[in-house]
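First up is the structure itself, then whatever we jot down about it.
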Amino acid sequence: MAQEIKQEVQQEMEEWVALGDKRPHLSVVLVGENPASHSYVLNKTKAAAEVGINSETIVKTASISEEELLNLINNLNNDGNADGLLVLLPLPEKLVTSLQSLGVLVPWQWRC
């Protein structure tokens, strides 16, 4: 069933592009050296490629500052190239605390 869904999405993506629409692009921001996170991102970008979605992975060290991370996210949000943006968790604790102090919601704050 999963393969059927992938084929259907891939076909729809090719039809979308054939009509002159822009191929979707996913930007992923990965902070730190968590092996599970790296594996997760690799699997997501492979899955995206399989259905015709372009992607990029931007890897930053855990020492990235709050300002650098927010600037990167802002630039990606304002970049006409990125249609989707994923900032992968977990983030280093110092960044979670900083983002919360700025009023940025992290997923566990809005779960039902």
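Reminder that position 110 of the sequence shown reads as 110 in this note's numbering, one-by-one numbering, no gaps.
Note that the Cβ used here is the ideal one computed from N, Cα and C, for glycine as well.
Buried or exposed (CB count within 10 angstroms, at least 16 for buried), residue i
{"i": "I53", "result": "buried"}
{"i": "V59", "result": "exposed"}
{"i": "L69", "result": "buried"}
{"i": "S55", "result": "buried"}
{"i": "L42", "result": "exposed"}
Presumed contact (8 Å Cβ cut-off) between residue i and residue j, rounded CB distance
{"i": "I73", "j": "V87", "result": "7 Å"}
{"i": "S37", "j": "L30", "result": "6 Å"}
{"i": "L89", "j": "A82", "result": "About 19 Å; that fails the 8 Å criterion."}
{"i": "V28", "j": "T45", "result": "7 Å"}
Sequence-distant residues of the same chain with beta carbon closer than 8 Å to residue i, five excluded per side
{"i": "V51", "result": "K6, V9, Q10, M13"}
One or two residues paired with residue i in a DSSP bridge
{"i": "E56", "result": "S27"}
Legend entry - Length-filtered (4 minimum) alpha helix (DSSP H) runs lying within the segment 58–104: Entirely contained in the segment 58–104, the alpha helix (DSSP H) runs reaching 4 residues are, in chain order, 66–78, 93–101.
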